[in-house]
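Student: Below you'll find the structure I mean.
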Amino acid sequence: MTTLTSEELERRFQEKIDENQYIEPKDWMIEKYRQNMIRQISQHAHSEVVGMLPEGNWITRAPNLRRKVALLAKIQDEAGHGLYLYSAAETLGITREELLEQLHSGKAKYSNIFNYPTLTWADIGAVGWLVDGAAIINQVMLQRASYGPYARAMVRICREESFHQRQGFEIMLTLCRGNAEQKEMAQDALNRWWWPSLMMFGPNDKDSPHSAEMAKWRVKRETNDELRQRFIDRVVPQADFLGIKIPDSKLKWNETSQHYDFGQINWDEFYNVIKGNGPCNRERLKARIEAHEQGKWVRDAATAYANKRKNKAA
Amino acid sequence: MTTQGKDNQWLLWEVFVQSKSGQPHKHVGSVHAPDAEMALLNARDTYTRRNEGTSVWVVPAQSITASTPEEVGAFFDPAFDKVYRHPTFYNVPEGVKYL
Ligand SMILES: [Fe+2]
Ligand SMILES: [Fe+2]
Numbered sequence: 001m002t003t004l005t006s007e008e009l010e011r012r013f014q015e016k017i018d019e020n021q022y023i024e025p026k027d028w029m030i031e032k033y034r035q036n037m038i039r040q041i042s043q044h045a046h047s048e049v050v051g052m053l054p055e056g057n058w059i060t061r062a063p064n065l066r067r068k069v070a071l072l073a074k075i076q077d078e079a080g081h082g083l084y085l086y087s088a089a090e091t092l093g094i095t096r097e098e099l100l101e102q103l104h105s106g107k108a109k110y111s112n113i114f115n116y117p118t119l120t121w122a123d124i125g126a127v128g129w130l131v132d133g134a135a136i137i138n139q140v141m142l143q144r145a146s147y148g149p150y151a152r153a154m155v156r157i158c159r160e161e162s163f164h165q166r167q168g169f170e171i172m173l174t175l176c177r178g179n180a181e182q183k184e185m186a187q188d189a190l191n192r193w194w195w196p197s198l199m200m201f202g203p204n205d206k207d208s209p210h211s212a213e214m215a216k217w218r219v220k221r222e223t224n225d226e227l228r229q230r231f232i233d234r235v236v237p238q239a240d241f242l243g244i245k246i247p248d249s250k251l252k253w254n255e256t257s258q259h260y261d262f263g264q265i266n267w268d269e270f271y272n273v274i275k276g277n278g279p280c281n282r283e284r285l286k287a288r289i290e291a292h293e294q295g296k297w298v299r300d301a302a303t304a305y306a307n308k309r310k311n312k313a314a
Numbered sequence: 315m316t317t318q319g320k321d322n323q324w325l326l327w328e329v330f331v332q333s334k335s336g337q338p339h340k341h342v343g344s345v346h347a348p349d350a351e352m353a354l355l356n357a358r359d360t361y362t363r364r365n366e367g368t369s370v371w372v373v374p375a376q377s378i379t380a381s382t383p384e385e386v387g388a389f390f391d392p393a394f395d396k397v398y399r400h401p402t403f404y405n406v407p408e409g410v411k412y413l
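Respectively, the protein sequence lines represent chains E and D. Counted from 1, the first sequence has number 281 at position 281 by my numbering; the numbering is strictly sequential. Numbers in my numbering are just positions in the second sequence, counted from 1, shifted up by 314.
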């Protein structure tokens, strides 16, 4: 086996990506690629896990059994998504313990959107419709991301996501066809979730710190602004169908561009929530750490049971 | 794995699912579990929530031996020049059927 220079290795790595091949765990990779993939995949995993909290809040108060089983199944899916993604991150040489430690210490980020509260039942509709809807647009792109285990996890996740968005829309539709008060609930939820949903795609392209590299490495195949525009173009007609109004006075169909024009996003709010000052940052992290600590006896019991069986067999 | 007490996310298991009777088992991902039995239950809950499987295998990740990417060229090399292993290598005269 001949030893290659690092320039040669880098060149081959980039060539492979440009040829639409996939990078697998044991392949040589640029160290910064490894670090960036760990960061992105673990952030994604943490988002799935923390994302269960605002919805879990409503399981016991779901209005009927149909809604309750759907919400439970959706939340269980999100737990699964977290697990697929933690596994994918682990193939890059980080342990599950380290990943959880990063989340619980506040070192790792998760999607900003989950730092907003779910105040009414309509919020569960809005979250499924808008938040999962936005996530799907991003995740469809990531199905062909250059890192094999990440791409494969995305394929699986996308297959499961579509019911999430539909159940959300169905909740919204039911409320919008209900009495005036119910419709008002739906409108209020849309008012509160609209702008944070648009922020989910990240800063404008010109302000996005990792975008250029992630594009070169075929992780981000489309820009934040392109994905955001696609989301808006898809969702506006759905809101029209529901008969509720998107809270943006600048929102207008543009015949020339064949896209919706929209108003200015409040990026100060976005950065403020990232910094930890969103309405629920502290509450979410606290709930997550509590869940982990309260689950400790279950992990200990499982370990003890496994040891006991092993000793018996020996 | 007897680190009871401190945070311990257990062993890593690779999961293989057979989607339909008669099909091969295919790698779908991995789970953590303290033993094989619990790995199987975790794999079921994680990877077959929608009847994706008729059978599941779990294998301790550390028991898998894999080819190394750096040596992939030399490793698969012996098969490169063996065109005679393919049916297209052989001439079939016009008019001869079922060959
Ligand atoms: Fe998800
Ligand atoms: Fe989802």
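Beta carbons: idealized from backbone N, C-alpha and C, even for Gly.
1) Just checking, does the region 97-116 of chain E make contact with the region 191-201 of chain E on the three C-beta pairs under 8 Å criterion?
2) Nearest CA to the CA of residue 181(E): which residue from 13(E), 121(E), 239(E) and 165(E)?
3) Report the residue from 25(E), 51(E) and 21(E) whose alpha carbon sits nearest the alpha carbon of residue 283(E).
4) Expressed to the nearest angstrom, what Euclidean distance is found between the alpha-carbon atoms of residue 58(E) and residue 125(E)?
5) Determine the extent of the beta strand (DSSP E) in which residue 373(D) is found, giving its start and end residues.
6) According to a CB-to-CB cut-off of less than 8 Å, which residues of the region 380-391 of chain D neighbour chain E?
7) Along the chain, where does the alpha helix (DSSP H) that runs through residue 81(E) open and close?
8) According to the neighbour-count rule (16 or more other Cβ atoms, all chains shown, within 10 Å of its Cβ), is residue 53(E) buried or exposed?
9) Suppose the cutoff is 8 Å on Cβ atoms and the five residues either side in sequence are ignored; what does the same chain contact list for residue 323(D) look like?
10) Closer than 8 Å, CB to CB, is residue 360(D) near chain E or not?
11) Specify, as a first and last residue, the run of the beta strand (DSSP E) that residue 329(D) falls within.
12) From the beta carbon of residue 323(D), is the nearest beta carbon of chain E less than 8 Å away?
13) Measure the C-alpha to C-alpha separation of residue 286(E) and residue 233(E) and round it to an integer number of angstroms.
14) Excluding the five sequence neighbours on either side, which residues of its own chain have a C-beta within less than 7 Å of the C-beta of residue 316(D), listed in chain order?
15) Helix, strand or coil for residue 261(E), going by three-state DSSP, please let me know.
16) Using a Cβ cut-off of 8 Å, pull out every chain D residue sitting near residue 287(E), in sequence order please.
17) Taking 8 Å as the cut-off, does the region 147-155 of chain E touch the region 23-33 of chain E (at least 3 CB pairs, one atom from each stretch)?
18) Of all the residues that make up the region 76-88 of chain E, which are near chain D by a beta-carbon distance shorter than 9 Å?
19) For chain E, find out if any of its Cβ atoms is closer than 8 Å to the Cβ of residue 339(D); answer yes or no.
20) Take residue 133(E) as the anchor and find which of 88(E), 164(E) and 8(E) has the nearest alpha-carbon.
21) Give the range of the alpha helix (DSSP H) segment to which residue 127(E) is assigned.
22) Sorted by chain position, which residues of the same chain lie with C-beta nearer than 6 Å to residue 221(E)'s C-beta, five sequence neighbours on each side aside?
23) For my contact list, residue 151(E) and residue 143(E) are in at a C-beta cut-off of 8 Å; report their separation, rounded to the angstrom.
24) Quick one: what's got a C-beta closer than 7 Å to residue 390(D)'s C-beta in the same chain, skipping five residues either side?
25) Is there at least one non-hydrogen atom of ligand 1 closer than 7 Å to the beta-carbon of residue 77(E)?
26) What residue does the beta strand (DSSP E) around residue 298(E) start on, and which one ends it?
Tutor: Inspection of the coordinates gives the following:
1) Judged by pairs of C-beta atoms under 8 Å, the region 97-116 of chain E touches the region 191-201 of chain E, as three or more such pairs exist.
2) 121(E)
3) With distances taken between Cα atoms, residue 283(E) lies closest to 51(E).
4) Roughly 11 Å separates the two Cα atoms.
5) 369-374
6) 380, 382, 383, 384, 385 and 388
7) That run of the alpha helix (DSSP H) goes 65-90.
8) buried
9) 346
10) yes
11) 325-332
12) yes
13) 37 Å
14) In this prediction, residue 316(D) has a pLDDT of 41, which is less than 50 and means its spatial position is unreliable; what the coordinates show is noted afterwards. Apart from sequence neighbours up to five positions away, no residue of its chain approaches residue 316(D) with a beta-carbon distance below 7 Å.
15) Reduced to three states, the DSSP call for residue 261(E) is strand.
16) Here the premise fails: no neighbours, minimum Cβ distance about 18 Å.
17) Judged by Cβ distances under 8 Å, the region 23-33 of chain E makes contact with the region 147-155 of chain E, as three or more pairs qualify.
18) For chain D, the residues of the region 76-88 of chain E that bring a beta carbon within less than 9 Å of one of its beta carbons are 76, 77, 79, 80, 83, 84, 86, 87 and 88, in chain order.
19) Taking a beta-carbon distance threshold of 8 Å, residue 339(D) does not count as an interface residue toward chain E.
20) 164(E)
21) Note, residue 127(E): premise wrong, no alpha helix (DSSP H); not H, not E.
22) 141
23) 6 Å
24) none
25) yes
26) It is not in any beta strand (DSSP E) - residue 298(E) instead sits in the alpha helix (DSSP H) that spans 296-313.
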